[in-house]
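Undergrad:
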Amino acid sequence: MCLALVSCAPAQIKPGPATPLQPTGVRPQDRAPKEPARLVPPEAYLRTYLALFGAASPSEAQKLARASDNGQLFDNWNDYLSALGFPDHRNDLPRANQTNALMVASFERLGIALCDRAVERDLRGPTETRQLFKFSADTDNISVFKTHFDILHRAFLGYPLDLAPADRAAKFYALYETIVLHHGEKGLKSRFTPAEAGWANVCYGLSRHPEFHLY
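Per this note's numbering, numbering through the sequence shown is continuous, rising by one, with the last residue being 738.
1. From THR571, VAL667 and PRO546, pick the residue whose C-alpha is nearest to that of HIS736; which is it?
2. Quick check on ARG613: buried or exposed, where buried means 16 or more other Cβ atoms within 10 Å of its Cβ?
3. Is the beta carbon of LEU625 closer than 8 Å to that of ALA606?
4. Determine the direct distance from the alpha carbon of VAL563 to that of ASP690, and round the result to whole angstroms.
5. Please classify HIS705 as buried or exposed, where buried requires at least 16 neighbouring CB atoms within 10 angstroms.
6. Taking all protein chains shown into account, do 16 or more other C-beta atoms lie within 10 angstroms of the C-beta of ILE536, making it buried, or fewer, making it exposed?
7. At which residues does the alpha helix (DSSP H) containing TYR568 begin and terminate?
8. Can you find a C-beta in chain B that's less than 8 Å from the C-beta of PHE658?
9. Going by DSSP, which residues form a beta bridge with LEU616?
10. What three-state label does DSSP hand LEU737 in the structure shown?
11. As an exercise, report each continuous beta strand (DSSP E) stretch of at least 3 residues that is fully enclosed by the stretch 630-677, in chain order.
12. Please classify PRO543 as buried or exposed, where buried requires at least 16 other C-beta atoms within 10 Å of its C-beta.
13. Kindly give me the distance between the Cβ atoms of GLU631 and SER713, rounded to whole angstroms, as I take these residues to be in contact under 8 Å.
14. Using a 10 Å radius around the Cβ and a threshold of 16 neighbouring Cβ atoms, would you call PRO565 buried or exposed?
15. For HIS671 versus PHE679, is the C-beta distance shorter than 8 Å?
16. Can you give me the Cβ contacts of ARG647 inside the same chain, cut-off strictly under 7 Å, excluding the 5 residues immediately before and after it?
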């Protein structure tokens, strides 16, 4: 009976010292595309634009995009619905089933228009009411730029700049510096200051980025 009781008692196993696990094999990550890159459905994409630029509805987004330039940047939704992939029931045009270059270019045009309006609204308005550019336009060095760029990077691409490729901030800062340096050359007129033009172009780059457009 004593032997039976001893054999039924739970075994006490003391933990050993904590040592890091050693990999038994390393396999390279397969990053090859398994199917062609595509746009998200246009409704989801449009909702993203409305959220980014502070518009409550498509009609308000159209109003923001047109602003005071009489439609030079963006005309109206009727001119873009089919190009963006939406069905056009008035002309009996079905929904686009595949991503194409015209769809990407149309979304880029809308993004450029809204970036310009965001610069005018945010960088020239009170800090507490800013929707996208929640920082000062003036940027003296790459450290300040990275802090500001991280805000835009999170808004457009959904993750911190620290997780992006190591050279991304340097490339966008080079774009910003180039625009600021050559702003106003050859008699070109602009509504923006050099710093505003620089941040507008950074916004263009993010609104055109493959990580923002495609999956």
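Cβ coordinates follow ideal geometry from the N, Cα and C atoms, glycine included.
TA: Here's the rundown:
1. Position 213 of the sequence shown, counting from 1, holds the residue named residue 736. That would be THR571, whose Cα lies nearest to the Cα of HIS736.
2. Stepping through the sequence shown from its first residue, residue 613 is reached at position 90. By the 10 Å Cβ count, ARG613 comes out exposed.
3. Residue numbering aside, residue 606 sits at position 83 when the sequence shown is read from its first letter. Residue numbering aside, residue 625 sits at position 102 when the sequence shown is read from its first letter. Yes, these two residues count as a Cβ contact at 8 Å.
4. In the sequence shown, the residue the question calls residue 690 occupies position 167. In the sequence shown, the residue the question calls residue 563 occupies position 40. The alpha-carbon atoms of ASP690 and VAL563 are separated by roughly 27 Å.
5. Working through the sequence shown from its first residue, we reach residue 705 at position 182. Burial call: exposed.
6. Numbered from 1 along the sequence shown, position 13 holds the residue referred to as residue 536. Result: exposed.
7. Residue mapping note: residue 568 aligns to position 45 of the sequence shown, counting from 1. Start and end: 565-576.
8. Absence of chain B from the displayed structure is noted, only one protein chain being present.
9. For the purposes of this step, residue 616 is identified with residue 93 of the sequence shown, where counting begins at 1. ASP611.
10. The residue given as residue 737 occupies position 214 in the sequence shown. Strand, per DSSP.
11. none
12. As a position in the sequence shown, residue 543 is number 20, starting the count at 1. The residue in question, PRO543, is exposed, as its Cβ has fewer than 16 Cβ neighbours within 10 Å.
13. For the purposes of this step, residue 631 is taken as residue 108 along the sequence shown, with counting starting at 1. For the purposes of this step, residue 713 is taken as residue 190 along the sequence shown, with counting starting at 1. Actually they are not in contact, since the Cβ atoms of GLU631 and SER713 sit about 20 Å apart, beyond 8 Å.
14. Against the sequence shown, residue 565 aligns to sequence position 42. PRO565 is buried by the Cβ-count criterion.
15. Position 148 of the sequence shown, counted from the first residue, corresponds to residue 671. Position 156 of the sequence shown, counted from the first residue, corresponds to residue 679. It is not a contact, given that the beta carbons lie outside the stated cut-off.
16. Working through the sequence shown from its first residue, we reach residue 647 at position 124. Once the five neighbours on either side are set aside, ARG647 has no close Cβ partner at all.
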